[in-house]
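Written below as structure tokens is the structure these notes are about.
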Amino acid sequence: MKRLKTLKLALISLLGLMMLAGCGSSKQEWAYIHEPGVTILSLSDNGKAEFKGEKYTYTLANDYLTLTDKDGNELGMRFVPDGEDRMFLYEPAVYEYTGEGQPNGLIGFWQEVDGNLSFEFTDKGTFREDYYSPGYYVVDEENGVIQLIYNDMYPDTFIYYHLDGNILTVEYPWPVVPTEK
Numbered sequence: 090m091k092r093l094k095t096l097k098l099a100l101i102s103l104l105g106l107m108m109l110a111g112c113g114s115s116k117q118e119w120a121y122i123h124e125p126g127v128t129i130l131s132l133s134d135n136g137k138a139e140f141k142g143e144k145y146t147y148t149l150a151n152d153y154l155t156l157t158d159k160d161g162n163e164l165g166m167r168f169v170p171d172g173e174d175r176m177f178l179y180e181p182a183v184y185e186y187t188g189e190g191q192p193n194g195l196i197g198f199w200q201e202v203d204g205n206l207s208f209e210f211t212d213k214g215t216f217r218e219d220y221y222s223p224g225y226y227v228v229d230e231e232n233g234v235i236q237l238i239y240n241d242m243y244p245d246t247f248i249y250y251h252l253d254g255n256i257l258t259v260e261y262p263w264p265v266v267p268t269e270k
């Protein structure tokens, strides 16, 4: 009788531990490749997310991440695999035309609205990013893509864009990796 009671107690304890382990949610934590120890994006299996210190719920489908805040505002980003343990997070940024007159397509100087980044595109097919990084560019208007071909240390980059008058929205691919612990 004592053995049966001990066996019951052991089974109940084991089942309780299994239930607790099964109820926990796993989490993916991502960091910019240049700051691998600093988490910028957390995605939990329970549908909760944190991006740059703000809390959201999320959906991830077809390489597209949609973050929704408590007020129902959505932030959508492409979240595309690039190799074994690396992803590209295409963060949207809004730029305003700061040249004279009205922009002629992409031609001119574009300053980020909520930051200090910039693009300058010329009619000769050259560009400068952030006042420094020069190169050439090719526009695919049909697909809303600009190929940036840098002259220096950066690899060629494809950015998504949308132009609306003097507002340019750019989705730039930031490489992210699992956060180093």
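When we follow the working numbering, the leftmost residue of the sequence shown carries the number 90, and every step to the right adds one.
Virtual Cβ for every residue (Gly too), placed ideally from N, Cα, C.
Bear in mind the structure is a predicted one, so any value in this text is a computation, not a measurement.
Whole angstroms are fine: how far does the CA of residue j sit from the CA of residue i?
{"i": "N232", "j": "E180", "result": "18 Å"}
{"i": "T155", "j": "S222", "result": "31 Å"}
{"i": "L178", "j": "L149", "result": "12 Å"}
{"i": "P192", "j": "D203", "result": "20 Å"}
{"i": "D212", "j": "F247", "result": "19 Å"}
{"i": "Q236", "j": "E260", "result": "12 Å"}
{"i": "E269", "j": "I129", "result": "12 Å"}
{"i": "K137", "j": "K159", "result": "11 Å"}
{"i": "T258", "j": "E143", "result": "22 Å"}
{"i": "D245", "j": "Y225", "result": "10 Å"}
{"i": "E209", "j": "V234", "result": "16 Å"}
{"i": "H251", "j": "E124", "result": "29 Å"}
What does residue i pair with, by DSSP beta-bridge criteria?
{"i": "P223", "result": "R217"}
{"i": "L132", "result": "Q117, A138"}
{"i": "D229", "result": "V234"}
{"i": "T146", "result": "K137, T157"}
{"i": "D253", "result": "I256"}
{"i": "P170", "result": "M176"}
For residue i, which option in the options has the closest C-alpha, if you only look at C-alpha atoms?
{"i": "L195", "options": "V228, H123, P267", "result": "V228"}
{"i": "K116", "options": "L252, N135, D245, T215", "result": "N135"}
{"i": "R167", "options": "I129, E269, P262, V266", "result": "P262"}
{"i": "D241", "options": "E218, E143, E189", "result": "E218"}
(request) Ignoring anything shorter than 3 residues or poking outside the region 185-217, list the beta strand (DSSP E) runs there in chain order. (result) 197-201, 207-210
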